[in-house]
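Asks: One structure follows; several queries about it will come next.
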DNA sequence: CCTGTAAATGTTATAATATTTCAAACTTTG
DNA sequence: CAAAGTTTGAAATATTATAACATTTACAGG
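Protein chains in written order, with my numbering: chain E, 1 to 163; chain S, 164 to 326.
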């Protein structure tokens with residue numbers, strides 16, 4: 001998996017999308033998982049920007065594709081994509097975002113800009129370490145970590161309302 | 164604010180509740196905030212256990228009190244309690260839990276047992292430190308951190324289905 | 001005590017998010 | 001091909017949250 005663009009900075013986003021799709025195909029093949037047309041399309045829609053997309057936003061776009069989909073279609077696709085680590089759910093926003101570390105074994109940390117809406121996913125191993133330490137100090141067996149940081153990205157600290 | 168019981172272990176929970184209410188009254192007085200009967204009752208309901216309670220669970224209990232409440236009543240009370248740091252929202256569960264560090268300046272970390280449902284709130288300053296470090300390394304100004312760890316509490320690692 | 005003002009609550013309706021259920025179509029495998 | 005399992009379609013409904021506006025309550029200043 002190659003280097004990634006930084007959401008907050010302008011970049012050729014088509015490259016992000018096609019990289020994500022290529023990776024996804026490879027990952028699914030390796031895992032014998034079926035990246036069906038619907039699933040692939042949902043992944044592509046999720047990747048249309050670095051802003052999290054709600055399930056109903058995805059649904060609306062599927063509809064404007066001409067695809068007559070109902071909510072379960074979208075949620076099922078999203079479940080599949082999550083299970084295979086291709087998208088993440090941002091709990092604090094009830095929305096979904098493409099995973100920039102697909103295939104890697106990771107538990108991400110998300111930096112969510114409240115001004116422009118872009119989200120950066122980080123690996124932050126030092127954070128994970130401390131989280132595990134804190135948990136095991138309490139005898140707690142950590143299985144799944146939700147770590148979402150809302151704030152202001154570098155660009156929006158300077159000037160507001162970037163896209 | 165005095166020492167707290169550990170949710171996972173049996174304890175005199177009435178003491179938790181009255182401690183929480185006493186603290187809340189003191190905190191609101193200090194801040195010139197009005198802990199009205201509804202707000203206090205909602206806080207008490209949230210504190211009825213160490214398991215997060217959904218807004219509609221609170222609503223149902225208000226109704227069985229004989230109080231004919233609608234959703235906004237509950238959400239408003241919860242907003243107030245959150246603003247004053249008396250309850251926390253657990254984003255990954257869409258539910259609310261009493262704050263065990265009310266009055267202290269903190270950004271909590273939550274250990275959520277997927278078996279018994281109890282939640283322990285930790286201060287974990289080392290984690291906060293690493294989170295801030297990771298964020299500022301990206302030039303990101305962190306304002307609000309959601310940190311929720313799902314897993315198994317000590318008791319449920321041994322035997323399942325504690326209450 | 002009145003009264004103006006702000007804060008809090010009541011009330012109705014609706015928006016936004018997510019799941020259940022059962023049926024039909026498609027894929028894979030024997 | 002047939003059986004079995006997986007995926008998708010479709011309708012209904014559940015769950016969570018907010019908008020908008022009316023009414024009531026608290027309380028500070030006159």
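Virtual Cβ for every residue (Gly too), placed ideally from N, Cα, C.
Could you run through the region 138-154 of chain E and flag, in chain order, every residue whose CB is less than 7 angstroms away from some CB of chain S?
Replies: From the region 138-154 of chain E, only 138, 139, 140, 141, 142, 143, 144, 145, 146, 147, 148, 149, 150, 151, 152, 153, 154 have a Cβ closer than 7 angstroms to chain S.
Asks: Could you check if residue 56(E) is buried or exposed, using at least 16 other CB atoms within 10 Å of its CB as the buried criterion?
Replies: Label assigned to residue 56(E): exposed.
Asks: Which one or two residues does DSSP pair with residue 112(E) in a beta bridge?
Replies: According to DSSP, which records beta bridges pairwise, residue 112(E) is partnered with 119(E), 150(E).
Asks: Comparing the C-beta of residue 77(E) with each C-beta of chain S, is any distance below 7 angstroms?
Replies: It does not; no Cβ of chain S falls within 7 angstroms.
Asks: Contact defined as beta carbons within less than 8 angstroms: I believe residue 84(E) pairs with residue 38(E). What is the distance between those atoms, to the nearest angstrom?
Replies: Contact doesn't hold; Cβ gap of about 14 angstroms is too wide.
Asks: Going along the chain, which residues of the region 273-288 of chain S sit with their C-beta nearer than 8 angstroms to a C-beta in chain E?
Replies: The region 273-288 of chain S vs chain E, Cβ under 8 angstroms: 274, 276, 277, 283, 285, 287.
Asks: What are the uninterrupted segments assigned as alpha helix (DSSP H) that are 4 or more residues long and contained completely in the region 171-211 of chain S, given in chain order?
Replies: List check, alpha helix (DSSP H) in window: 176-193, 200-209.
Asks: Taking the straight line between their C-alpha atoms, what separation do you get for residue 282(S) and residue 174(S)?
Replies: Going from the Cα of residue 282(S) to the Cα of residue 174(S) covers about 14 angstroms.
Asks: To the nearest whole angstrom, what separates the beta carbons of residue 215(S) and residue 169(S), a pair I think is in contact under 8 angstroms?
Replies: Incorrect: roughly 16 angstroms between the Cβ atoms, too far for contact.
Asks: In terms of alpha-carbon separation, which member of 205(S), 278(S), 321(S) lies closest to residue 183(S)?
Replies: With distances taken between Cα atoms, residue 183(S) lies closest to 205(S).
Asks: Please classify residue 299(S): is it buried, with 16 or more other beta-carbons within 10 angstroms of its beta-carbon, or exposed?
Replies: Label assigned to residue 299(S): exposed.
Asks: Identify the continuous beta strand (DSSP E) that holds residue 259(S) and give its terminal residues.
Replies: First-last of the beta strand (DSSP E) with residue 259(S): 258-261.
Asks: I'd like to know whether the C-beta of residue 320(S) is nearer than 7 angstroms to at least one C-beta of chain E.
Replies: Yes, residue 320(S) lies at the interface with chain E (some Cβ there is under 7 angstroms from its Cβ).
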